[in-house]
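As given, the protein sequences belong to chains D and W, one line each in that order.
Residues in the first sequence are numbered consecutively from 113, following the numbering used here.
Residues in the second sequence are numbered consecutively from 113, following the numbering used here.
Protein chains: 2
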Amino acid sequence: MKATVDCVHCYLKQAVSCMRMAGVDEDTQHEILFKLMDYVKGFDRNATPAENSTYAVLKTYELMGIDDPYKEVKRQSNDLALELYPRLKRMLEEYEDKLYTALKIAVAGNVIDLGIRRSFDIEGELRYSLNTGFSKDHYDTFRQKLKNVDEVLFLGDNAGEIVFDKILVEELIKLGKRVTYVVKDGPVLNDSTMEDAIYVDMDKVARVITTGSRFLGVSFNHMSQEFADALNKAPLIISKGQANFESLEQYDMARGRVFFLLKIKCDEVAKVAGVALDDVVFFTV
Amino acid sequence: MKATVDCVHCYLKQAVSCMRMAGVDEDTQHEILFKLMDYVKGFDRNATPAENSTYAVLKTYELMGIDDPYKEVKRQSNDLALELYPRLKRMLEEYEDKLYTALKIAVAGNVIDLGIRRSFDIEGELRYSLNTGFSKDHYDTFRQKLKNVDEVLFLGDNAGEIVFDKILVEELIKLGKRVTYVVKDGPVLNDSTMEDAIYVDMDKVARVITTGSRFLGVSFNHMSQEFADALNKAPLIISKGQANFESLEQYDMARGRVFFLLKIKCDEVAKVAGVALDDVVFFTV
């Protein structure tokens, strides 16, 4: 999808979050924000929100002189999610359709803000997520497609959430599939990198590769040959989160092949996906 | 309260809402937004968010060449609320403490987005509002103070919502109080003006005055003598909505005299009020 005018103030909002996360003082926050305003005026309106967001985020990092403001919070999210992991596995046992439940657990990692939380707060929210359906649900189609493929490409999203994804990866493996899990090549917001994948042992269950860049979502102008090949030849793709959706939904290659698994966190994405804000979805275009 | 760095991107977000409401095309929206970015850089960081928002909104109106983009939607909100009015009155009858219920009805007008809705959607939300308590509740103190006063100053907020306020005004009158209801002196967002007050017959039950300006909330630098006097001498004040809270919470004159009735719609206000985002509150500082 293309960036809209509503993305513009959202780039700035995201920059403020980054600066707050980095503990930048209020004066400097204003200074950097004002510089960033001039910078975003030059953005390509035909680019995806994910791509433009990346430019805004990396510019903010540059202006702050801090390259990974989410380092600490990513570690905390991973630790919390790892602490939850045994409970997630037990929950999975309670449901008949393991694959469907694992999809819901995986998206719950996207729904629940793991930022700075204690694990005991989360169980209620998790139950709620598991009992809430996808407002757009192509699970039957996915299940059908899955029968005819040997491998699945899994486009990951955030740290912490990656542990929830692992539950889904493990279910895919039980069904005899090979999984390639994709992380970012460098720190950008709280997105998972190779370091996170190794920290949560994703590399023990799946082949882990990076996109070859620090871009949010998928940037066709900024990817490694390895990732380009994986994207081209994968018979079936699970795409987590908004940035991946923003990056891929407009392409023919996504039709019936990429299944988007996400919580809808903005009105513009809701419009494009044909659902409502805050909905949780699993669908292909 | 003072504006924060998070207010900055919010001014721009609000401008986009205004432009969308006015049906401005996407190219012009970008153009105006970029001009506005330069404009907001000059804002006084010691001003309230309500004051700076007003400057941003009125600048947007000027750049669009449209003076009242919310005219139509305000009319719709009033019509919808007037259609609901008999049901609101019947609901009130179901509860023992009429004043407390009328406070909740009044704030429900702030909670429910009356924008473009059909009345039958709203009843459920309304019931939910009535059954949900205030997360910060100084009703007992208010009730006590009310006993010793003859009149109440009521700082209004939006169109549509003004009909819900009328229910509360009528309960105050039943208790033998005189009410002065305050609207804006000209159109700014969907705030009530004298035109709205007359349209919904608020002038039949209360004395209606304007703030003397088009500023959101209360601007001490932009008010009529009539409003300044009313504000100074009122023994008890009900203040609806965020902009009025942002304007008054820091003043000694508010302590134990101004009772803020609102839904908390942003994190910064939540912080200052000491409550959570989305909470509904009735309290004095």
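Even glycine gets a Cβ: it sits at the ideal position worked out from N, Cα and C.
Note that the coordinates shown come from a computational prediction; the quantities given were computed from them, not determined experimentally.
Member of Arg132/W, Asn260/W and Asn164/W whose CA lies at the smallest distance from the CA of Val185/W = By one-based count along the second sequence, residue 185/W stands at place 73. Ranking the options by Cα distance to Val185/W, first place goes to Arg132/W.
message = With a threshold of 8 Å between beta carbons, is Lys147/W in contact with chain D?
response = Position 35 of the second sequence, counting from 1, holds the residue named residue 147/W. By this cut-off, Lys147/W is not an interface position.
key: Reference Tyr191/D; option with closest CA among Asp150/D, Arg202/D, Lys210/D and Ala309/D   = Residue 191/D sits at position 79 when you count from the first residue of the first sequence. A small correction: the amino acid at residue 191/D is Asp; Tyr does not occupy that position in the sequence shown. Out of Asp150/D, Arg202/D, Lys210/D and Ala309/D, Ala309/D has the C-alpha closest to the C-alpha of Asp191/D.
query = chain D partners of Lys186/W, CB-CB under 8 Å?
reply = Within the second sequence, the letter at position 74 stands for residue 186/W. Ordered by position in chain D, no residue passes the 8 Å Cβ test against Lys186/W, which lies about 22 Å from the chain.
request  = Within the same chain, show all residues whose beta-carbon is closer than 7 Å to that of Ala214/W, passing over the 5 residues directly before and after it, in chain order.
outcome  = In the second sequence, counting from the first residue as 1, residue 214/W sits at position 102. The answer, listed in chain order, is Leu204, Ile279, Leu280 and Glu283.
query = For the beta strand (DSSP E) that contains Thr396/W, what are its first and last residues?
reply = Position 284 of the second sequence, counting from 1, holds the residue named residue 396/W. From DSSP, Thr396/W is part of no beta strand (DSSP E); its letter is neither H nor E.
key: Contacting residues, own chain, Cβ-Cβ under 7 Å from Gln362/D (five flanking each side not counted)   = As a working note, residue 362/D is residue 250 in the first sequence. Taken in chain order, the residues that qualify are Met113.
message = To test your reading of the DSSP string, which unbroken beta strand (DSSP E) runs of 3 or more residues are found completely within the stretch 276-309 of chain D?
response = 290-295
Nearest candidate by alpha-carbon position, reference Ala331/D, set Thr166/D, Val128/D and Leu124/D = Walking along the first sequence from the start, residue 331/D turns up at place 219. Note that residue 331/D is Ser in the sequence shown here, rather than Ala. Out of Thr166/D, Val128/D and Leu124/D, Thr166/D has the C-alpha closest to the C-alpha of Ser331/D.
key: Option in Leu301/W, Leu287/W, Val300/W and Asp269/W with minimal Cα separation from Tyr293/W   = In the second sequence, the residue the question calls residue 293/W occupies position 181. Of the listed residues, the one whose Cα sits closest to Tyr293/W is Asp269/W.
ask   = Counting along the chain, where does the beta strand (DSSP E) carrying Leu267/D start and finish?
value = Your numbering for residue 267/D matches position 155 in the first sequence. It spans Glu263 to Leu267 - the beta strand (DSSP E) in which Leu267/D sits, taken as one unbroken run.
task = Answer yes or no: do Asn302/W and Ser129/W have a C-beta to C-beta separation smaller than 8 Å?
result = The residue given as residue 302/W occupies position 190 in the second sequence. The residue given as residue 129/W occupies position 17 in the second sequence. No, the pair does not count as a contact, with Cβ atoms beyond the cut-off.
inquiry  = Are the CB atoms of Gly386/W and Ser359/W within a distance shorter than 8 Å?
reply    = On the second sequence, position 247 is the one that residue 359/W refers to. On the second sequence, position 274 is the one that residue 386/W refers to. No.
ask   = Who are the neighbours of His142/D on chain W, taking C-beta pairs under 8 Å?
value = Sequence index remark: in the first sequence, residue 142/D carries index 30 (1-based). Going along chain W in sequence order, the residues near His142/D (Cβ under 8 Å) are Val117, Val120 and Arg157.
message = Is there a C-beta anywhere in chain D that falls below 8 Å from the one on Val281/W?
response = One-based indexing of the second sequence puts residue 281/W at position 169. By this cut-off, Val281/W is not an interface position.
ask   = Across which residues does DSSP place Arg319/W in a beta bridge pair?
value = Counted from its first residue, the second sequence places residue 319/W at position 207. According to DSSP, Arg319/W bridges with Thr292/W.
inquiry  = For a cutoff of 8 Å on Cβ pairs, would you count Lys383/D as touching chain W?
reply    = Within the first sequence, the letter at position 271 stands for residue 383/D. Closer than 8 Å: no.
message = Between which two residues does the beta strand (DSSP E) holding Lys352/D run?
response = Position 240 of the first sequence, counting from 1, holds the residue named residue 352/D. Ile349 to Lys352 is the extent of the beta strand (DSSP E) around Lys352/D.
task = For Lys125/D, decide whether its Cβ has a neighbour in chain W, counting only Cβ atoms nearer than 8 Å.
result = The residue given as residue 125/D occupies position 13 in the first sequence. Yes, contact with chain W.
request  = Give me the Cα-Cα distance between Gly298/D and Ile349/D, rounded to the nearest whole angstrom.
outcome  = Within the first sequence, the letter at position 186 stands for residue 298/D. Within the first sequence, the letter at position 237 stands for residue 349/D. Looking at the two C-alpha atoms, the distance is approximately 22 Å.
query = Should the stretch 158-178 of chain W be regarded as contacting the stretch 237-249 of chain W, the criterion being three or more beta carbon pairs within less than 8 Å?
reply = no
request  = Mind checking the stretch 350-372 of chain W against chain D and listing, in chain order, the residues whose C-beta falls within less than 9 Å of any C-beta there?
outcome  = none
key: Residue of Val117/D, Ile376/D, Leu287/D and Lys286/D minimising C-alpha distance to Val392/D   = Here residue 392/D refers to the residue found at position 280 of the first sequence. It is Ile376/D whose Cα lies nearest to the Cα of Val392/D.
request  = With 9 Å as the limit, tell me which residues of the stretch 150-179 of chain W have their beta carbon closer than that to any beta carbon of chain D; keep them in chain order.
outcome  = Asp150, Val152, Lys153 and Arg157
request  = Grab the span of the alpha helix (DSSP H) containing Leu124/W for me, first residue to last.
outcome  = Along the second sequence, read from residue 1 onward, the residue named residue 124/W stands at position 12. Its alpha helix (DSSP H) spans residues Val117 to Met133.
query = Who are the Cβ neighbours of Arg157/W in its own chain at under 8 Å, not counting the five residues just before and after it?
reply = In the second sequence, counting from the first residue as 1, residue 157/W sits at position 45. Counting only Cβ-Cβ distances below 8 Å, and skipping sequence neighbours, we find Lys114 and Ala115.
task = Look at the alpha carbon of Ala355/D and the alpha carbon of Ala220/D, and state the distance between them as a whole number of angstroms.
result = Walking along the first sequence from the start, residue 355/D turns up at place 243. Walking along the first sequence from the start, residue 220/D turns up at place 108. Taking the straight line joining both Cα atoms gives about 17 Å.
task = On a CA-only basis, which of Leu238/W, Lys216/W, Tyr182/W and Val397/W is nearest Phe357/W? Give me that one, please.
result = Here the question's residue 357/W lines up with position 245 in the second sequence. The candidate whose alpha carbon is nearest that of Phe357/W is Val397/W.
message = If contacts are defined as beta-carbon pairs under 8 Å, then Val275/D and Tyr197/D qualify, I think. What distance do you get, rounded to the angstrom?
response = As a first step, residue 275/D must be located in the first sequence, where it is residue number 163. As a first step, residue 197/D must be located in the first sequence, where it is residue number 85. Right, the Cβ-Cβ distance comes to about 6 Å (below 8 Å), so this counts as a contact.
task = Just mark Glu380/D as buried or exposed, buried being the case when its beta carbon has 16 or more other beta carbons within 10 Å.
result = For this step, residue 380/D is matched to residue 268 along the first sequence. Buried, by the Cβ-count rule.
key: Backbone CA spacing between Leu148/W and Asp364/D [nearest angstrom]   = To locate residue 148/W, count along the second sequence from 1; it is residue 36. To locate residue 364/D, count along the first sequence from 1; it is residue 252. Distance between the alpha carbons of Leu148/W and Asp364/D: 38 Å.
ask   = So which residues on chain D does Glu138/W lean against when the C-beta distance must stay under 8 Å?
value = Taking the first residue of the second sequence as position 1, residue 138/W is located at position 26. Neighbours of Glu138/W on chain D, chain order: Thr116 and Val117.
task = Go ahead and pull the three-state DSSP assignment for Val136/W.
result = On the second sequence, position 24 is the one that residue 136/W refers to. If DSSP states are grouped into helix, strand and coil, Val136/W belongs with coil.
inquiry  = Measuring alpha carbon to alpha carbon, tell me which residue in Tyr182/D, Lys248/D and Arg369/D is nearest Gln256/D.
reply    = Here residue 256/D corresponds to residue number 144 of the first sequence, with the count starting at 1. Of Tyr182/D, Lys248/D and Arg369/D, the residue nearest in Cα terms is Arg369/D.
query = Which first and last residues belong to the beta strand (DSSP E) in which Phe332/W is found?
reply = As a first step, residue 332/W is located in the second sequence; it is residue number 220 there, counting from the start. Phe332/W -> no beta strand (DSSP E), and no H or E assigned at all.
key: Whole-angstrom distance between Lys345/W and Leu258/W, CA atom to CA atom   = Taking the first residue of the second sequence as position 1, residue 258/W is located at position 146. Taking the first residue of the second sequence as position 1, residue 345/W is located at position 233. Going by the C-alpha atoms only, they are around 15 Å apart.
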